[in-house]
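First residue of the sequence shown? That's 1 in the UniProt record's numbering, and the numbers climb one at a time after it. For every residue, glycine included, the Cβ atom is placed at its ideal position computed from N, Cα and C. To start, the structure under review is shown below, and the notes come after it.
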Amino acid sequence: MIFFAFIFMAVAVINIIYPAFGWYMRYGWMVKGDSEPSDAYLLMSRISSIVVLVVFFIFVIPLLF
Numbered sequence: 001m002i003f004f005a006f007i008f009m010a011v012a013v014i015n016i017i018y019p020a021f022g023w024y025m026r027y028g029w030m031v032k033g034d035s036e037p038s039d040a041y042l043l044m045s046r047i048s049s050i051v052v053l054v055v056f057f058i059f060v061i062p063l064l065f
């Protein structure tokens with residue numbers, strides 16, 4: 001369980017630091033040519049990752065310890 005919590009936190013932090021990576025993994029490979037995620041997508045991806053990480057720390061971390 002702790003391993004999955006660590007993986008979840010690592011993915012959320014990566015998405016906060018470099019949200020374009022998630023876009024490339026999900027949509028980038030489907031697009032031919034040079035395509036980039038929009039600024040709105042990057043902003044919402046960062047905000048949602050921060051919210052998910054805060055909720056994770058509030059509800060899940062106390063259950064692990």
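Nearest residue (CA-CA) to residue i, options the options
| i | options | result |
| --- | --- | --- |
| A40 | W23, F59, F65 and F4 | W23 |
| I14 | V60, M1, R46 and G33 | R46 |
| A20 | F4, M44, V54 and I2 | M44 |
| I50 | P62, A12, F65 and F4 | A12 |
Supposed close pair residue i, residue j - CB separation, criterion 8 Å
| i | j | result |
| --- | --- | --- |
| F8 | F56 | 7 Å |
Beta-carbon proximity list for residue i, same chain, < 8 Å, skipping 5 on both sides
| i | result |
| --- | --- |
| P52 | The identity of residue 52 in the sequence shown is Val, whereas the question assumes Pro. The answer, listed in chain order, is A12. |
| Y16 | Per the sequence presented here, residue 16 reads as Ile, with Tyr not at that position. The answer, listed in chain order, is R46, S49, I50 and L53. |
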